[in-house]
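S.K.:
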Amino acid sequence: MTLVGNSVLIGAVIFKRREVSMLKRSFQQNLETYADVVISLGVNLQPGQVLTISAEPVHKELIMALMERAYKKGAKDVIVDLSDPEFDRIKVLNVKNQDYLDFLPEHAKAKFKEIVDNGHARIRICGMEKPDILEGLDVSRIEKANFEAIKYFYDEGIDKGNVQWCVIAGATKGWAEKVFPKVPPVVAHTKLWDYIFKITRSDRDDALDAWERHLDLLRSRSEKLNDLGIDMLRFQGEGTDLTVGLSHKALFMSAFEKTHRGISYCANIPTEEVYTTPDRRRTRGHFAATRPVLVGGNLVEGLKVVFDNEGGVANFSCRKGHEAFEKNITADEGARFLGEVAKVGVDSPIFESGIISNEILTDENAACHVALGGAYRTCFKDFAQISDEEYKELGCNYSSRHLDVMISNKTTDVTAVTRDGKEVLLLKKGRWQI
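If you read the sequence shown in our numbering, its first letter stands for residue 1, the second for the next number, and so on.
(1) Classify arginine 124 as helix, strand or coil using the three-state DSSP reduction.
(2) Pull up the CB-CB distance for serine 264 and asparagine 44, whole angstroms please, since I reckon it's below 8 Å.
(3) For the beta strand (DSSP E) containing leucine 51, list its first residue and its last residue.
(4) How is glutamine 164 classed by DSSP in three states: helix, strand or coil?
(5) Would you list, in sequence order, the uninterrupted alpha helix (DSSP H) runs of no fewer than 4 residues that lie entirely inside the region 376-405?
(6) Look at the Cβ atom of glycine 430, then the Cβ atom of serine 408, and state whether they are nearer than 9 Å.
(7) So, isoleucine 269 versus valine 38, is the Cβ gap smaller than 9 Å?
(8) Taking DSSP as the reference, what is the three-state secondary structure of threonine 2?
(9) Less than 9 Å between the C-beta atoms of alanine 188 and phenylalanine 180, yes or no?
(10) Would you report the Cα separation of cysteine 166 and alanine 121, rounded to the nearest angstrom?
(11) If we ignore side chains and look at the alpha-carbon of each, how far apart do glycine 136 and valine 116 end up?
(12) Determine contact between the region 342-356 and the region 299-309, defined as no fewer than three beta-carbon pairs at a distance below 8 Å.
(13) Are the region 210-220 and the region 351-369 in contact at 8 Å, needing three or more beta carbon pairs?
(14) Just reading off the alpha helix (DSSP H) that aspartate 209 is part of, what are its end residues?
(15) Around the C-beta of leucine 426, are 16 or more other C-beta atoms found within 10 angstroms, so that it is buried, or is it exposed?
(16) My understanding is that leucine 225 touches phenylalanine 252, with C-beta atoms under 8 Å, so please give their C-beta distance in whole angstroms.
(17) Between the Cα of alanine 331 and the Cα atoms of Tyr154, Asp138, Gly157 and Asn118, which residue gives the shortest distance?
(18) Valine 186: buried (16+ other C-beta within 10 angstroms of its C-beta) or exposed?
(19) Considering only their Cβ atoms, is the gap separating threonine 33 from serine 314 smaller than 9 Å?
(20) What's the gap between the Cα of alanine 416 and the Cα of proline 278?
(21) Using the three-state DSSP reduction, which class does valine 187 fall into: helix, strand or coil?
(22) Checking the sheet assignment: what are the DSSP bridge partners for tryptophan 193?
(23) Going by alpha carbons, who is nearest to isoleucine 329 out of Val163, Glu86, Val295 and Trp175?
(24) So what does DSSP say about asparagine 328, is it helix, strand or coil?
(25) Within the same chain, show all residues whose beta-carbon is closer than 6 Å to that of glutamate 389, passing over the 5 residues directly before and after it, in chain order.
(26) Using a Cβ distance threshold of 8 Å, determine whether the region 238-245 contacts the region 378-387, with at least three qualifying pairs required.
(27) Let me check understanding here. Comparing Cα to Cα, which of Cys396, Thr290 and Ile355 lies closest to alanine 335?
(28) Cα separation between isoleucine 434 and valine 414?
(29) Suppose contacts are defined by Cβ-Cβ distances below 9 Å. Is alanine 55 in contact with serine 83 by that definition?
(30) Which term fits glutamine 98, buried or exposed, when burial requires 16 or more other beta carbons within 10 angstroms of its beta carbon?
(31) Just tell me which of Lys160, Gly119, Asp194 and Lys113 has its CA closest to the CA of tyrosine 27.
(32) For serine 317, count neighbouring Cβ atoms within 10 angstroms of its own Cβ and tell me buried if that reaches 16, exposed if not.
This is the structure in structure tokens:
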């Protein structure tokens, strides 16, 4: 091995010094770094704080790494909340009375109320052990009951800045086989973990520093967008000509936020987006989804959506998953209106990877996207002082659903129209211009 400036010569191949560091790292090192990123930056766990980790049992290895790091950071306790979609499948297929699907035990709501009221932190691990387990099933009533369970967490926790929360991904063999179907299952599982480590910057020795630099970039982008005074956004690309109107109080944000107690946290790891809450009444035009969307365990492919003059979905078409998407947008009054609009450039390492994971956490950070359903109330100036009635006047959407749909690629231009009538090109051919 020979040092050559900032590079290292190994045999006949020249590597950057950071690449050599990555080559030397083991799976366990990357896993421990990932856990450190999630605990230290994701939820930013405080000494004496209680942490809840929600996941499928298949994520035991990642859960234990997170627990170990949490206790070393001073956690009072780590509560592991396990669930399995296979249990939902058994219930849907075998329950004698369909009305029982609406049943919600009190403890299901109580655990989320405890998190919010006692200032706990929460991590949710996504990545299904059996991605197809719910395909073809109508789980809408179970999803509605699950929403009622977690509603307090959303309304009093997230929307009022009372909790640190973070959604992360964990590789499973079943998921890996879907993402990398052409390689042996063991190889696919390794490749998926490598992918997760890379896009979460956990495959490097300077992971936390790298995250600070990245979050600074996202903060800078959101500040520039807020300084423009944007009235509406227009997305134009293959099959898409969509205008999304904003309220005068709309605030662009990144996933790096602060609680009302001043504790910073990062709600998604990975994250590449800058997003805001639109005025649900001012969406016009149409879009063609650039990636498949998973809806209630059913994959929706080739989705095209047209909006009416009130801002709601007028009609749609898709190659696969028609019934699942239709049930989603008719679940309640707000499910067919937009609750989020986000911008992501093609400089995203997730987009650059070319990998479509069919997992919303990763796929939404590969492309600009809109979400049909519930809005984030924190995306308004002085949100803590806004009443429910004023939220309604601002066009803030409310729904039990929140379905992200990716709408951009290398053909997409995004233009902002400011409140004083100026047009500013934000993304050209998918690439940031500001």
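Virtual Cβ for every residue (Gly too), placed ideally from N, Cα, C. All values derive from a computational prediction rather than experimental measurement.
M.R.: Taking the definition as stated:
(1) Your numbering for residue 124 matches position 124 in the sequence shown. In the structure shown, arginine 124 sits in a strand (DSSP, three-state: E or B).
(2) Here residue 264 corresponds to residue number 264 of the sequence shown, with the count starting at 1. Here residue 44 corresponds to residue number 44 of the sequence shown, with the count starting at 1. About 6 Å; that satisfies the 8 Å criterion.
(3) If you number the sequence shown from 1, residue 51 lands on position 51. From DSSP, the beta strand (DSSP E) with leucine 51 extends over 50-55.
(4) In the sequence shown, residue 164 corresponds to position 164, counting from 1. Correct three-state label for glutamine 164: strand.
(5) 388-393
(6) Here residue 430 refers to the residue found at position 430 when the sequence shown is read from its first residue. Here residue 408 refers to the residue found at position 408 when the sequence shown is read from its first residue. Result yes, Cβ atoms of glycine 430 and serine 408 sit closer than 9 Å.
(7) For the purposes of this step, residue 269 is identified with residue 269 of the sequence shown, where counting begins at 1. For the purposes of this step, residue 38 is identified with residue 38 of the sequence shown, where counting begins at 1. Yes, the Cβ-Cβ distance between isoleucine 269 and valine 38 is below 9 Å.
(8) Against the sequence shown, residue 2 aligns to sequence position 2. Because threonine 2 sits at a pLDDT of 49, beneath the cut-off of 50, its placement in the model cannot be relied upon, and the point is left open.
(9) As a first step, residue 188 must be located in the sequence shown, where it is residue number 188. As a first step, residue 180 must be located in the sequence shown, where it is residue number 180. Cβ atoms of alanine 188 and phenylalanine 180: closer than 9 Å.
(10) By one-based count along the sequence shown, residue 166 stands at place 166. By one-based count along the sequence shown, residue 121 stands at place 121. Approximately 8 Å, taken between the alpha carbons.
(11) By one-based count along the sequence shown, residue 136 stands at place 136. By one-based count along the sequence shown, residue 116 stands at place 116. Cα-Cα distance, rounded: 35 Å.
(12) no
(13) no
(14) Indexing the sequence shown from 1 puts residue 209 at position 209. Aspartate 209 -> alpha helix (DSSP H) spans 207-228.
(15) Looking up residue 426 in the sequence shown gives position 426. Leucine 426 should be labelled buried.
(16) Here the question's residue 225 lines up with position 225 in the sequence shown. Here the question's residue 252 lines up with position 252 in the sequence shown. So it is a contact: roughly 4 Å between Cβ atoms.
(17) Sequence index remark: in the sequence shown, residue 331 carries index 331 (1-based). Out of Tyr154, Asp138, Gly157 and Asn118, Asp138 has the C-alpha closest to the C-alpha of alanine 331.
(18) The count along the sequence shown starts at 1 and reaches residue 186 at position 186. Its Cβ having fewer than 16 others within 10 Å, valine 186 is exposed.
(19) Position 314 of the sequence shown, counted from the first residue, corresponds to residue 314. Position 33 of the sequence shown, counted from the first residue, corresponds to residue 33. For the sequence presented, residue 314 should be read as alanine rather than serine. Result no, Cβ atoms of alanine 314 and threonine 33 do not sit closer than 9 Å.
(20) Along the sequence shown, read from residue 1 onward, the residue named residue 416 stands at position 416. Along the sequence shown, read from residue 1 onward, the residue named residue 278 stands at position 278. Each residue's alpha carbon lies about 13 Å from the other.
(21) Here residue 187 is taken as the residue at index 187 of the sequence shown, counted from 1. Residue state, collapsed to three classes: helix.
(22) For the purposes of this step, residue 193 is taken as residue 193 along the sequence shown, with counting starting at 1. Paired residues: none, contrary to the question.
(23) Translated into the one-based positions of the sequence shown, residue 329 becomes position 329. Nearest option by C-alpha distance: Val295.
(24) The count along the sequence shown starts at 1 and reaches residue 328 at position 328. Note: asparagine 328 maps to helix in three-state DSSP.
(25) By 1-based counting over the sequence shown, the position of residue 389 is 389. Cβ within range, chain order: n/a, list empty.
(26) no
(27) For the purposes of this step, residue 335 is identified with residue 335 of the sequence shown, where counting begins at 1. Answer by Cα proximity: Cys396.
(28) Reading the sequence shown from its first residue, position 434 is the one you call residue 434. Reading the sequence shown from its first residue, position 414 is the one you call residue 414. Looking at the two C-alpha atoms, the distance is approximately 11 Å.
(29) By one-based count along the sequence shown, residue 55 stands at place 55. By one-based count along the sequence shown, residue 83 stands at place 83. Against a cut-off of 9 Å, the Cβ pair of serine 83 and alanine 55 comes out as a contact.
(30) Your numbering for residue 98 matches position 98 in the sequence shown. Answer is exposed; the Cβ neighbour count stays below 16.
(31) The count along the sequence shown starts at 1 and reaches residue 27 at position 27. Per the sequence presented here, residue 27 reads as phenylalanine, with tyrosine not at that position. Out of Lys160, Gly119, Asp194 and Lys113, Asp194 has the C-alpha closest to the C-alpha of phenylalanine 27.
(32) Residue 317 sits at position 317 when you count from the first residue of the sequence shown. Label assigned to serine 317: exposed.
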